[in-house]
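Q:
Numbering (the numbering used here), first residue to last: 24 to 644.
1) What whole-angstrom Cβ distance do residue 427 and residue 405 have, given they're in contact under 8 Å?
2) State the start and end residues of the unbroken alpha helix (DSSP H) segment that holds residue 11.
3) Which of the three DSSP states is assigned to residue 318 in this structure?
4) Going by CA-CA distance only, name the one from 584, 285, 260 and 530 that's closest to residue 309.
5) Name the two residues that bound the continuous beta strand (DSSP E) containing residue 441.
6) Which residues share a DSSP beta bridge with residue 362?
7) Check the DSSP bridge columns for residue 435 and list the partner residues they point to.
8) Is residue 53 helix, strand or coil when you go by DSSP?
9) If the criterion is Cβ atoms closer than 8 Å, does the pair residue 212 and residue 440 meet it?
10) Cβ-heavy atom distance between residue 254 and the ligand SAH below 7 Å?
11) Near residue 201, what residues of its chain come up, given a Cβ to Cβ distance below 7 Å and the 5 sequence neighbours on each side ignored?
12) What does the Cβ neighbour count give for residue 358, buried or exposed, with the cut at 16 atoms within 10 Å?
13) Which of the three DSSP states, helix, strand or coil, is assigned to residue 217?
14) Report yes if the C-beta distance between residue 370 and residue 591 is below 8 Å; otherwise report no.
15) Assign residue 577 to one of three DSSP states: helix, strand, or coil.
16) Of the residues 214, 494 and 104, which one's Cα is nearest the Cα of residue 445?
17) Out of 136, 174 and 361, which one is the CA nearest neighbour of residue 223?
18) Residue 651 bridges to which residues according to DSSP?
19) By Cβ distance below 8 Å, which residues in the same chain neighbour residue 300 in space, the five residues on each side in sequence not counted?
20) Sorted by chain position, which residues of the same chain lie with C-beta nearer than 6 Å to residue 42's C-beta, five sequence neighbours on each side aside?
21) Near residue 86, which residues of its chain fall below 6 Å by C-beta distance, leaving aside the five closest residues on each side in sequence?
22) According to DSSP, is residue 429 helix, strand or coil?
23) I'd like to know whether the C-beta atoms of residue 126 and residue 158 end up nearer to each other than 8 Å.
24) Please tell me whether residue 234 and residue 226 are closer than 8 Å, where the distance is taken between their beta carbons.
25) Out of 48, 411 and 344, state which residue places its alpha-carbon closest to the alpha-carbon of residue 164.
26) Relative to the alpha-carbon of residue 581, which residue among 530, 381, 489 and 561 has its alpha-carbon at the smallest distance?
27) Checking 8 Å against the spacing of the C-beta atoms, do residue 271 and residue 232 come in under that value?
28) Rounded to a whole number of angstroms, what is the C-alpha to C-alpha distance between residue 115 and residue 72?
29) In terms of alpha-carbon separation, which member of 207, 595 and 504 lies closest to residue 583?
30) Do residue 488 and residue 475 have their CB atoms nearer than 8 Å?
31) When burial is assigned at 16 or more other CB atoms within 10 Å of the CB, is residue 296 buried or exposed?
32) Would you kindly work out how many angstroms separate the C-alpha atoms of residue 364 and residue 96, rounded to a whole number?
33) How big is the Cα-Cα spacing for residue 172 and residue 69?
34) What is the residue span of the beta strand (DSSP E) that residue 392 lies within?
35) The alpha helix (DSSP H) with residue 597 in it runs from where to where?
36) If you draw a straight line from the C-alpha of residue 145 to the C-alpha of residue 545, how long is it?
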């Protein structure tokens, strides 16, 4: 129950904080680009303060004393625990409680300067433009981010909220060089396939640092410390994006070496001198860039397969996609892995691109190719592909490539945005595991499905869950019944609420409705999960026997790829699945369920907000 409550609370907190902060932006008449950096920096400061207070409490528990006085904590004590020491004037509660007669903008600017003094990585990064805000607006922002729930929930909740804000801003703020925020589900897919454990990682077009954050999460989830296991390097030409990156890393407790500006232009510079030295390369580079100077690119090296097509007159490369592809390969050491996002057109482009692609395929290091559908990005809708290289492939796969066509496999977020859910990501990763002969990982996922279903069953007093021969298909039927029951009960309570006059009785009914809507949302989430379990096991069974699936996946040999003129387009290999007309569109229904779930969550959040406001009003009387 606590996990569910935390999940609901975090979602509500994300939405409430964003709504409050964005309302202030609208009232201030500031643009999103003007507002983005200062707001994210305040979130970072709130994270640093929360971390500071937690570590300070730990340190004071066993602090030696002298003459009856506890020895004061030192900045070095915090550094040893991967936390920033915050001088009093940089602490969030100091700023929140600053008297009205003191200029708040100047105080926040000073706080940011003090924080930079504690971290070489953040020097010159944090904004100091808070005097452009009215003290009234700035004070309200501080109040919003001083929410005690941030500390009560714990964990990496502020990091999650930072990413949530970043994604929201990404829809309104686009840099001149492309999207600064790579959608989380795409990044997670890259990380899931690469499975980073230890070594040097480079993102030569790092944007806001999502690749580093998700890699850090993956390594930490494996029981290791990302900062000791990984060394992160980044290049980002746009300095604004590099600032976002360094703050994003800091709020997730990660260290990295990020270079920005002209020297970070990856077309012409290997800023960290990492060619042939990387264990992992991950990137979402700008697609279809033109007018790259061929002589400068050639002089910069990292072109194991030669230059792409060059305009004879201008001496410029008309499309730099294969420059990126060559760079990613060139950065790898003899056992390195690369995963990156690329325009779909690159999988079968002609002329010089085709020649480079042939040389690349013949290395045997192309590992997995994944087609992604439309609307995965916030600011553009074009489809893309995920490419994966592995210079230490299993011997039996050295002559093979796994193709996955996931263009019709996704969850609808809204009219303009799609994503992969957590279970969909796990399913796609499971196909890769089977291709690699890792059946044990597949079976672990099936166990994870059963465990999640068991957790749901334990929360519901329903004898149907006691079936000793339970299947995912049977579970789906039970969940359908639960969904119908919750909807019926909620409708009845809503009808009663309309007729109820007493404030106390109304509040009680609202609380009951909110609680049941939360349970309904949980049931719908479980249905999503079970449907994904059915999707996976219907193709590969409970034990995980890999087989090519028409319209979804195929393992192709290099000879087969040669026969198709070295195309790396998954659709050219997997074919098109026959559609069985059973009257139900599975993914359409899944998306309907997801939309319904989002709506229910929103309704529950509104109701809960109303209840809390009324409760606070009662407590002040």
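For each residue, glycine too, the CB sits at the ideal point set by N, CA and C.
A: Taking the structure as given:
1) Between residue 405 and residue 427 the Cβ distance is about 19 Å, and since that is not below 8 Å, they are no contact.
2) In this structure the chain extends from 24 to 644, so residue 11 is not present and cannot be described.
3) helix
4) 260
5) 440 to 442
6) 305 and 411
7) 441
8) coil
9) no
10) Absence of the ligand SAH is noted for the structure shown, with no ligands found whatsoever.
11) With a pLDDT of only 42 at residue 201, under the threshold of 50, the placement of this residue in the model should not be trusted; the figure read from the coordinates follows. Excluding residues within five positions, the ones whose Cβ falls inside 7 Å are 309.
12) exposed
13) helix
14) yes
15) strand
16) 214
17) 361
18) Because the chain spans 24 through 644 in this model, residue 651 falls outside it and cannot be assessed.
19) 223, 354 and 356
20) none
21) 93 and 94
22) strand
23) yes
24) yes
25) 48
26) 381
27) yes
28) 6 Å
29) 595
30) no
31) exposed
32) 46 Å
33) 12 Å
34) 389 to 395
35) 594 to 597
36) 40 Å
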